[in-house]
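FYI, the numbering for the sequence shown is 0 to 413, going by numbering that gives the first Met the number 0.
Presented below is the structure to which this report refers.
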Amino acid sequence: MADRIFGLLGRKLGHSWSPPIHKALGCKDYGLIELEPEELPAFLARPDIGGLNVTIPYKRDVMPFCDVIDGAAQAIGSVNTLVRRADGKLYAWNTDAAGFCWMAERAGIRFQGRKAVILGSGGASLTAVACAKRLGAREVVVISRSGPDNYGNLSRHADADIVVNTTPVGMYPNTGAAPVDLKRFPKCTGVLDVVYNPRRTALLLQAEELGIPCSDGLPMLVAQAKAAEEHFFDKTIPDSENERILAMLRQETANIVLVGMPGSGKSAVGAALAALTGREAVDIDRRIVQRAGCSIPEIFAQSGEDAFRTLEREETAEAGKLSGRILLTGGGVVKDLRNYAALHQNGRIYHLIRDLALLPTDGRPLSQGADLAAMWAERAPLYARFRDASVENSGTVEETAAAIWRDFCENSGT
0 MADRIFGLLG RKLGHSWSPP IHKALGCKDY GLIELEPEEL PAFLARPDIG
50 GLNVTIPYKR DVMPFCDVID GAAQAIGSVN TLVRRADGKL YAWNTDAAGF
100 CWMAERAGIR FQGRKAVILG SGGASLTAVA CAKRLGAREV VVISRSGPDN
150 YGNLSRHADA DIVVNTTPVG MYPNTGAAPV DLKRFPKCTG VLDVVYNPRR
200 TALLLQAEEL GIPCSDGLPM LVAQAKAAEE HFFDKTIPDS ENERILAMLR
250 QETANIVLVG MPGSGKSAVG AALAALTGRE AVDIDRRIVQ RAGCSIPEIF
300 AQSGEDAFRT LEREETAEAG KLSGRILLTG GGVVKDLRNY AALHQNGRIY
350 HLIRDLALLP TDGRPLSQGA DLAAMWAERA PLYARFRDAS VENSGTVEET
400 AAAIWRDFCE NSGT
């Protein structure tokens with residue numbers, strides 16, 4: 000295996016999670032191969048190609064260099080898996096189709112007899128269209144920026160049952176944007192987004208809020224990789240590997256987010272979690288202080304609470320884009336509901352609860368001289384709105400950290 004090339008071929012691949020997936024499937028030499036368009040011909044002529052996945056923007060561009068293209072891939076019009084076989088020929092398949100179908104099935108989204116709107120017209124769109132038709136959709140409409148069906152006349156398709164995003168809108172690092180407002184599709188019963196970083200794009204956050212079944216693109220990425228590996232090494236891999244690797248990636252990439260009243264122990268518990276897990280703890284208040292060049296009490300004294308909340312919202316938005324971290328928030332982060340999307344997009348949110356009588360107030364501008372019971376009465380519903388789970392911080396910080404980690408390991412992989 001070591002004398003052949005295995006990897007992901009694309010132009011800009013810094014965001015890719017493909018290497019850990021393929022390594023988990025047994026391809027230890029799988030790497031990232033970034034090429035400019037003019038470099039494709041020479042590279043694809045190499046005799047030492049073992050197996051390649053192909054991503055944006057080359058899923059169609061590589062086709063002229065392939066000797067044998069699978070019939071289904073030819074019909075779709077794009078490929079994403081290449082193998083140099085013993086006969087020296089370069090073979091091509093579209094394993095994205097298998098991934099897309101598994102993503103939809105896993106989310107309980109059925110196309111049979113339904114109308115699907117596909118956002119985007121690139122290589123991923125071609126796969127989504129083919130799969131929607133294969134799965135029995137009665138009508139499939141492609142929305143592009145300048146085609147006959149575009150974002151300016153979406154009202155023509157308000158009767159759509161399923162919305163599929165195949166564009167990069169909302170993808171890391173430009174999170175928070177959505178290609179459409181789902182309220183424009185009042186009959187929508189399913190939303191699929193091929194983006195997998197963040198876990199929950201703005202589109203999927205809205206789907207969750209509206210109670211619409213949905214999925215990000217990570218199940219698709221995992222399932223297509225499994226199918227690609229089967230072509231790489233001409234072997235069958237159990238379907239159970241999809242769930243195993245998906246759960247592993249979910250746990251590795253999800254953030255642990257701590258919210259709670261000022262003085263509830265977020266910093267101490269976060270430090271204990273960092274020691275327990277080896278993860279980096281990111282203190283959002285500390286980031287605010289570094290950016291402002293002065294302490295939080297000084298920010299309040301000089302500029303007021305509104306200025307502080309603006310800084311907090313901006314730093315929370317940046318921290319929320321991270322993956323696999325422990326995020327420590329300020330006690331009032333829940334006062335701005337916009338912070339929920341930033342924290343929830345990649346995280347499982349834990350609410351630390353501690354007896355009000357035990358909450359320290361030194362260095363906490365809103366706690367000093369405040370009626371903590373009144374503050375709790377105001378914020379308790381907000382903490383409940385944000386949290387995925389609550390944890391009593393009444394024992395040692397190590398005990399609290401261990402309880403959070405147990406819950407996270409059990410629930411972050413779903």
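Here a beta-carbon is modelled for each residue, glycine too, at the ideal position from N, C-alpha and C.
Quantities reported herein were computed from a predicted structural model and do not represent experimental measurements.
Buried or exposed by the 16-neighbour rule on C-beta atoms within 10 Å, applied to residue i
i: arginine 155; result: exposed
i: histidine 343; result: buried
i: histidine 21; result: buried
i: serine 145; result: exposed
i: tyrosine 57; result: buried
i: histidine 14; result: exposed
i: arginine 45; result: exposed
i: arginine 198; result: buried
i: leucine 355; result: exposed
i: glutamate 415; result: Lying before the first or after the last residue shown, residue 415 is absent from the chain, which here runs from 0 to 413.
i: aspartate 192; result: buried
i: lysine 265; result: buried
i: serine 393; result: exposed
i: arginine 405; result: exposed
6 Å Cβ shell around residue i - same chain, five flanking residues per side excluded
i: methionine 0; result: Here methionine 0 scores only 48 on pLDDT, less than 50, and its place in the model should not be relied on; the value that follows carries that caveat. So the list reads Asp28, once near-sequence residues are dropped.
i: threonine 166; result: Leu118, Gly119 and Pro178
i: leucine 12; result: Leu31 and Glu33
i: cysteine 293; result: none
i: glycine 175; result: Ala201
i: isoleucine 48; result: Ile4 and Arg83
i: arginine 105; result: Pro218
i: isoleucine 68; result: Ala91
Residue i, enclosing alpha helix (DSSP H) - first and last residue
i: serine 239; result: 239-252
i: phenylalanine 110; result: First-last for phenylalanine 110: undefined, no H or E at that position.
i: aspartate 231; result: In the sequence under discussion, the amino acid at residue 231 is phenylalanine, which differs from the aspartate named in the question. Note, phenylalanine 231: alpha helix (DSSP H), 217-232.
i: glutamate 33; result: No alpha helix (DSSP H) contains glutamate 33, which is instead part of the beta strand (DSSP E) from 30-33.
i: asparagine 338; result: 337-343
i: glycine 122; result: 122-133
i: leucine 51; result: Looking at the DSSP string, leucine 51 is not in any alpha helix (DSSP H); the run it does join, the beta strand (DSSP E), is 48-53.
i: alanine 206; result: 201-209
i: leucine 43; result: 39-43
Three-state secondary structure assigned by DSSP to residue i
i: tryptophan 16; result: coil
i: tyrosine 349; result: strand
i: threonine 413; result: coil
i: valine 179; result: coil
i: aspartate 305; result: helix
i: cysteine 293; result: coil
i: phenylalanine 5; result: strand
i: leucine 381; result: helix
i: serine 214; result: strand
i: leucine 24; result: coil
i: glycine 394; result: coil
i: glycine 146; result: coil
i: leucine 257; result: strand
i: valine 268; result: helix
i: valine 61; result: coil
i: valine 141; result: strand
i: valine 168; result: coil
i: isoleucine 403; result: helix
i: alanine 369; result: coil
i: alanine 136; result: coil
i: leucine 310; result: helix
i: phenylalanine 184; result: coil
i: leucine 153; result: helix
8 Å CB neighbourhood of residue i in its chain, flanking five on each side removed
i: leucine 358; result: Met260, Pro261, Gly262, Ser263, Ser366 and Leu371
i: leucine 310; result: Ile287, Arg290, Ala291 and Ile298
i: leucine 134; result: Cys100, Ala103, Arg109, Phe110 and Gln111
i: alanine 246; result: Gly412 and Thr413
i: arginine 183; result: Leu153, Ser154 and Ala157
i: alanine 85; result: none
i: alanine 253; result: Arg198, Ser322, Gly323, Asn345, Gly346, Arg347, Phe407 and Ser411
Limits of the unbroken beta strand (DSSP E) element including residue i
i: alanine 388; result: 388-391
i: alanine 280; result: 280-282
i: glycine 189; result: 189-192
i: leucine 327; result: 325-327
Residue i - partner residues in DSSP beta bridges
i: alanine 91; result: Ile68 and Leu81
i: serine 263; result: Paired residues: none, contrary to the question.
i: phenylalanine 99; result: For phenylalanine 99, which the question treats as bridged, DSSP gives no partner whatsoever.
i: isoleucine 161; result: Ala115 and Gly189
Beta-carbon contacts of residue i that lie in its chain and below 7 Å, excluding the five residues immediately before and after
i: glutamate 397; result: Ala271
i: glutamate 240; result: Leu24 and Lys225
i: phenylalanine 42; result: Leu34
i: glutamine 402; result: Just to set this straight, residue 402 is alanine in the shown sequence, not glutamine. Val390.
i: glycine 6; result: Tyr29, Gly30, Leu31, Ile32 and Leu51
9 Å Cβ cutoff, residue i in contact with chain C
i: alanine 402; result: Given the protein chain composition of this structure (a single chain), no chain C is represented.
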